[in-house]
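Scroll down for the structure; my scribbles are underneath it.
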Ligand code: NAD
Ligand code: UD1
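In my numbering, the protein residues as written are 842 to 1181.
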């Protein structure tokens, strides 16, 4: 049985990945400081899987505490989700973002070196492709033309990991570039429910559906896309979680850096997401067109063929599944919602 340390394992993507790992008989050690998650998630992971796992409430910035985790477990590989991820906040608080994401990762890498752990899967993002690449995005396209500190932390960490693999052939790293994860576990026990007014499309739609927010602002209806609204590659978080297990399976084959897009390869417009959500929930989503959001691109989606070829992974859930599961989760979090 392989022992996998999951940083940020109480978060949105991390919790779904822990479920998938436990259901595939991996032993799991979670490290999280709950800066953007809560301890109840751990109970939910246990309720879904009926499996035990280790947990440490630990900040990656606290290297002494982190070293305890490495001393107490024999770790085969790490999936590194822990990081701050709000783009707008990163523009306002760049030092906090660079410190948490980059220094946190450096502490983790230092501990790996000290304890002879040399396999890591990193949560990167489609944001590293920047503004100048043609769509669909392929893994061999140039990166680094990022437009905000959050994106730059991802590009910097990708570079750090590639440098480490270049200098030490024993190391094996996978950089997984996620597109737009939405949806939730079909049990409705884990999912995404951010505090405050959401920045991202699906959490915003679900808050309109529950009556917390009056209507959706659709940012821009004059893009050169099929219906004028922005197009993204939405991917079900459970597909993403399965992609991580596939990544871990082949992480031990050879050293070096490997890069994979995790997307569906299909773009959907904002209005398509709204319509599909309405169909799945039976709840109307009032919206109004608003000016374009600064920094948004018109359209992007993944070329997902490399992950299919090399990891034998392909997204399986449809946009309808994603909307259904997002709604199911939010209803379970919010009793007496409009749709009940
Ligand atoms: P999330 O915020 O739900 O999960 C991140 C987890 O890391 C949280 O539980 C948080 O408490 C923890 N954390 C943050 N800083 C920490 C630290 N210093 N020490 C210990 N724990 C810490 O986010 P998510 O959506 O699950 O994203 C996971 C990863 O995937 C992040 O690195 C994110 O940047 C990346 N990513 C997310 C998306 C997305 O749209 N959700 C897209 C691309 C990449
Ligand atoms: C966001 C992140 C990006 C990250 C990506 C992956 C931002 C600005 N960017 O991308 O760094 O890599 O997630 O998950 O957060 N929209 C509306 N109304 C809303 C919210 C969004 O019309 O209230 C539109 C946007 O203009 C966009 C689409 O919905 O066309 C998706 O937006 P969002 O969910 O915020 O994700 P991205 O901006 O693609």
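Cβ coordinates follow ideal geometry from the N, Cα and C atoms, glycine included.
Supposed close pair residue i, residue j - CB separation, criterion 8 Å
i	j	result
residue 1139	residue 1071	6 Å
residue 959	residue 901	Actually they are not in contact, since the Cβ atoms of residue 959 and residue 901 sit about 18 Å apart, beyond 8 Å.
residue 1023	residue 1075	5 Å
residue 1006	residue 1096	7 Å
residue 1117	residue 1161	6 Å
residue 1154	residue 1083	7 Å
Coarse secondary structure for residue i, derived from DSSP in three states
i	result
residue 1140	strand
residue 1013	strand
residue 965	strand
residue 1126	coil
residue 974	coil
residue 1075	strand
residue 932	helix
residue 1057	strand
residue 896	strand
residue 1022	strand
residue 956	coil
residue 1131	strand
residue 1109	strand
residue 1180	At residue 1180, the pLDDT of 44 sits below 50, so the modelled position is not reliable; the number obtained from the coordinates is stated separately. It is coil, neither helix nor strand.
residue 1156	coil
residue 1171	helix
residue 1087	helix
residue 1093	coil
residue 1064	coil
residue 1044	helix
residue 1033	coil
residue 926	coil
Beta strand (DSSP E) segment containing residue i, residue limits
i	result
residue 1099	1097-1103
residue 868	868-873
residue 1039	Taken as a continuous stretch (DSSP letters only), residue 1039 belongs to no beta strand (DSSP E), as it is neither H nor E.
residue 794	With the chain covering only 842 through 1181, there is no way to say anything about residue 794.
residue 920	918-921
Proximal residues to residue i (C-beta, below 6 Å), its chain only, five neighbours per side dropped
i	result
residue 1032	1025 and 1170
residue 853	1033
residue 964	922
residue 931	938, 989, 990 and 991
residue 1073	1021
residue 1028	889
residue 993	987
residue 916	844, 846 and 958
residue 895	870
residue 1134	1060
Outcome for residue i when other beta-carbon atoms lying within 10 angstroms are tallied against a minimum of 16
i	result
residue 973	exposed
residue 859	buried
residue 978	buried
residue 1099	buried
residue 1102	buried
residue 899	buried
residue 870	buried
residue 929	exposed
residue 981	exposed
residue 1008	exposed
residue 1094	exposed
residue 819	No statement about residue 819 is possible, as the shown extent of the chain runs from 842 to 1181 and does not include it.
Other residues of its chain near residue i: CB distance less than 7 Å, five sequence neighbours each side excluded
i	result
residue 1042	1111 and 1114
residue 1119	1125 and 1126
residue 1181	Model confidence at residue 1181 stands at a pLDDT of 40, short of 50, so the residue's coordinates are unreliable and nothing is read from them.
residue 890	860, 863 and 864
residue 1048	1039 and 1054
residue 986	971, 972 and 973
residue 908	952
residue 1011	959 and 1096
Sequence-distant residues of the same chain with beta carbon closer than 8 Å to residue i, five excluded per side
i	result
residue 984	969, 970, 971, 996 and 999
residue 919	845, 846, 847, 848, 949, 953, 958, 960, 961 and 962
residue 1132	1060 and 1061
N- and C-terminal bounds of the alpha helix (DSSP H) containing residue i
i	result
residue 853	853-864
residue 938	935-938
residue 990	990-1008
residue 912	904-913
residue 883	881-890
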